[in-house]
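These notes are about the structure you will find just below.
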Amino acid sequence: MGNSSSGPTVPPPDLDALAAEATALGAASFAATPRLTPRASIGLPPDACKFALDPTQRLLFAGTSRGRLRVIGGGTAASASAWLPDGGAALRSSTTHLVSVGCESLLVQVLQSSGVLVWDLAAPGGRIIARIDPSWTLEAITAAAHPAASPHAHVFLATGDTTVHIVDAPSGRFHAKPLTARDMGLAPLGATPDDDDDIVALAPHPTDASLLLVVLALRGAVLVDLSKRARVRHYAFPPLPADMGGGGASDNFATCTAWHCGGEQFAVGFASGNVALARAGGKPRDLWWLRIAEGATPMPYPRTPVANLRWCRSPAGADGPGALMLSGAQWRMASDPDAGPQAVSIVCRAGGGGGVLGVGARRQQRRRLCRLRARRVRVRVRAAVARAVAVAQRRPAGGRQLTAR
0 MGNSSSGPTV PPPDLDALAA EATALGAASF AATPRLTPRA SIGLPPDACK FALDPTQRLL
60 FAGTSRGRLR VIGGGTAASA SAWLPDGGAA LRSSTTHLVS VGCESLLVQV LQSSGVLVWD
120 LAAPGGRIIA RIDPSWTLEA ITAAAHPAAS PHAHVFLATG DTTVHIVDAP SGRFHAKPLT
180 ARDMGLAPLG ATPDDDDDIV ALAPHPTDAS LLLVVLALRG AVLVDLSKRA RVRHYAFPPL
240 PADMGGGGAS DNFATCTAWH CGGEQFAVGF ASGNVALARA GGKPRDLWWL RIAEGATPMP
300 YPRTPVANLR WCRSPAGADG PGALMLSGAQ WRMASDPDAG PQAVSIVCRA GGGGGVLGVG
360 ARRQQRRRLC RLRARRVRVR VRAAVARAVA VAQRRPAGGR QLTAR
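As numbered in numbering that gives the first Met the number 0, residues 0 to 404 make up the sequence shown, in order.
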């Protein structure tokens, strides 16, 4: 299975040989004009929408819009196989999240129906060892993550009611107490119309397994201490300046996040195509927008939403600034972030990401924005009905009495 081509047939690449070459990241990759050369082309299903990588076994997974799972690896791409969930028609829906649990060689597949499948990658051909039926919740699963710094094989699942559930991946069992909005220092869902938004990303701290970064679409980012079940600090989203495409603040919601490998900073991507940065400690606690360096050509607006964000390690190690990779574009930090928001320059502008990934990302952002708007309307309607009922209850039982003159 894969994309058809009219050109000559090319033998599949040896993935182990490619991975063994020390050419993935070098000094040239972080230069002002990076030299990135494609090394292999591997066919993917035309309806692929989510990807995950298992670095320990050198496997690449592609989840499709029909709930199928394609695995590429095991020596050569010719040995790739397609896994079809056997959990019934209710589980065969679009793949929304793929999470690799490398410490146990497991892969967690989250479906649009809110069903969850846990695959054992060590078993020949793959085997489902746990499944969670879609009936466990009435909310959609909006984010999923696994803490790489933790030796335990548990996964975080965020639902539309601003709750983070903790699941033991091998057994598929939920921990007794989920992380609620109150634990994160947030107002309960629907308390006010402005408090009604989704958790769009979960990012466990890369070095401290007790810290979890929770990013909401509109209300900012919250760093939570899981051991104390308390908020460490809250990061507010700054207003988007007019010269960066500001003016449509309601459409500029967060979409993704990524930690620096040292755990001192994190970045947040937005639907406007912009990226904001924050320090995990110290002040200020708000995020600041990344701008291109002075004299560089600004990117046109509106931009493609930032669908994926990764912070690559610099050749010097975790202490270096590294490079931000986002939905078809690459940003490089030119100097110390303490120098301010001007300390960023664009390394590579490669469009907004096309093909299946670009189209799927745009559709997902539109659906999320429509869901947020519809939820706000429902909250306002419920508030209006509650006010009308309260006014009616305060009136006398006999109504207003009229006196004749």
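Note that beta-carbon positions come from the ideal geometry of N, C-alpha and C, so glycine has one too.
| Item | Value |
| --- | --- |
| Three-state secondary structure (DSSP) at Met-183? | coil |
| Helix, strand or coil for Pro-203, going by three-state DSSP, please let me know. | strand |
| Compare the Cα-Cα distances from Asp-53 to each of Gly-268, Ala-147, Tyr-234 and Asp-207 and report the closest residue. | Ala-147 |
| If you run the structure through DSSP and keep just helix, strand and coil, what is Ser-99? | strand |
| Please name the residue, chosen from Ala-270, Leu-289 and Gly-261, that lies closest to Ala-279 on a Cα-to-Cα basis. | Gly-261 |
| Assuming Val-231 contacts Val-214 (C-beta within less than 8 Å), just tell me the rounded distance between them. | Incorrect: roughly 14 Å between the Cβ atoms, too far for contact. |
| Tell me the residue span of the beta strand (DSSP E) that contains Gly-411. | Since the first and last residues shown for the chain are 0 and 404, residue 411 lies out of range. |
| Taking all protein chains shown into account, do 16 or more other C-beta atoms lie within 10 angstroms of the C-beta of His-259, making it buried, or fewer, making it exposed? | buried |
| Could you tell me the alpha carbon to alpha carbon distance between Gln-106 and Val-98, rounded to whole angstroms? | In the sequence as displayed, the identity of residue 106 is Leu instead of Gln. Going by the C-alpha atoms only, they are around 6 Å apart. |
| Looking only at C-alpha atoms, which of Val-100, Arg-67 and Ser-104 sits nearest to Ser-92? | Arg-67 |
| On the DSSP letters alone, give me the boundaries of the beta strand (DSSP E) that His-145 sits inside. | First-last for His-145: undefined, no H or E at that position. |
| Just to check, is the beta-carbon of Ala-152 closer than 8 Å to a non-hydrogen atom of the ligand GDP? | Within the structure as shown, the ligand GDP is missing, as the structure has no ligands at all. |
| Beta-carbon within less than 8 Å of Asn-273's beta-carbon, same chain only, minus the 5 sequence neighbours each way: which residues are those? | Leu-239, Met-243, Gly-244, Asn-251, Trp-288, Leu-289, Arg-302 and Val-305 |
| For Gly-124, does the count of other Cβ atoms within 10 angstroms reach 16, so buried, or fall short, so exposed? | exposed |
| Classify Val-388 as helix, strand or coil using the three-state DSSP reduction. | helix |
| Starting from the Cα of Leu-308, find the closest Cα among Val-380, Ala-391, Phe-50 and Ala-266 and give me that residue. | Ala-266 |
| Of the residues Thr-55, Arg-57, Gly-62 and Gln-56, which one's Cα is nearest the Cα of Cys-48? | Gly-62 |
| Compare the Cα-Cα distances from Glu-103 to each of Trp-135, Gln-264, Ser-64 and Val-154 and report the closest residue. | Val-154 |
| Buried or exposed: Thr-55, going by 16 or more other Cβ atoms within 10 Å of its Cβ? | exposed |
| If Gly-159 and Asp-119 are in contact, beta carbons under 8 Å, what's the gap, nearest whole angstrom? | Actually they do not touch by this definition, with Cβ atoms about 29 Å apart. |
| Would you check if there are 3 or more beta carbon pairs closer than 8 Å linking the segment 128 to 145 to the segment 176 to 186? | no |
| Following the continuous beta strand (DSSP E) through Val-267, name the residue where it begins and the one where it ends. | 264 to 269 |
| Out of Gly-72, Leu-323 and Gly-101, which one is the CA nearest neighbour of Pro-150? | Gly-101 |
| Use the C-beta contact count for Gly-184: other C-beta atoms within 10 angstroms, 16 or more gives buried, fewer gives exposed. | exposed |
| Could you tell me the distance, in whole angstroms, from the CA atom of Ala-152 to the CA atom of Ala-257? | 21 Å |
| Provide the residue span of the beta strand (DSSP E) that contains Gln-108, from first to last. | 105 to 110 |
| Can you tell me whether Val-380 is helix, strand or coil according to DSSP? | helix |
| When the distance is taken between beta carbons, is Ala-216 closer than 9 Å to Leu-286? | no |
| Smallest Cα separation from Gln-264: which of Val-117, Thr-94 and Ala-322? | Ala-322 |
| Using the C-alpha atoms, what's the distance from Pro-237 back to Ser-271? | 13 Å |
| Can you list, in chain order, the residues of its chain whose CB lies under 6 Å from that of Arg-126, leaving out five sequence neighbours each side? | Asp-119 |
| Closest to Ala-121 by CA distance: which of Val-384, Gly-72 and Arg-218 is it? | Gly-72 |
| Classify Ala-175 as helix, strand or coil using the three-state DSSP reduction. | coil |
| In the DSSP assignment, what residue or residues form a beta bridge with Asp-224? | Leu-210 and Ala-229 |
| Tell me whether Arg-393 sits in a helix, a strand or coil according to DSSP, three-state version. | helix |
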